[in-house]
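In our numbering, the protein residues as written are 715 to 815.
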C-alpha cells in the first residue's frame with residue numbers, strides 16, 4: 715500500500731511538471747513555412763520559391779519527396795519530417811488556394 719501511494723505521488727508530480735509544456739500551443743505548419751515562403755505564399759528571398767497558386771497535388775508530392783529524402787534539401791527535409799501527412803496535405807491546400815502573383 716505504501717509503495718502504491720508513493721508511486722502515485724511520483725506520477726502526479728511528473729504530470730504536474732509536464733503540464734505547462736503540454737499547454738503551450740504548437741506553432742502551426744503555416745507559420746513555420748511562412749518564415750521563408752510568406753503567409754501569402756510569396757517568398758521575400760529570390761532563392762526561395764513562391765508557393766501561392768501552385769498545384770495542390772504538386773505541392774503535396776514535393777513535400778512528401780522532401781520527407782522521404784527523394785528530393786534533397788536539408789532545411790525542407792527537416793521541416794517535412796516533422797509534419798504529419800495531414801499537415802502536409804493541409805499546407806498544400808492552403809498555398810494552392812492563394813492567388814498567384
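Each residue gets a CB set at the ideal place from its N, CA and C atoms; glycine is no exception.
Here the structure is a predicted model, which is why all the values come from computation and not from measurement.
Rounded Cβ spacing between residue i and residue j (contact assumed at less than 8 Å)
i           : j           : result
residue 767 : residue 810 : 7 Å
residue 774 : residue 806 : 4 Å
Buried or exposed (CB count within 10 angstroms, at least 16 for buried), residue i
i           : result
residue 751 : buried
residue 753 : exposed
residue 792 : exposed
residue 776 : buried
Closer than 9 Å to chain D by CB, residue i
i           : result
residue 791 : Going by chain labels, chain D is absent from the structure shown, which holds only one protein chain.
Complete alpha helix (DSSP H) runs within the segment 760–797 (minimum length 4 residues, chain order): 770–782, 788–795, all fully within the segment 760–797.
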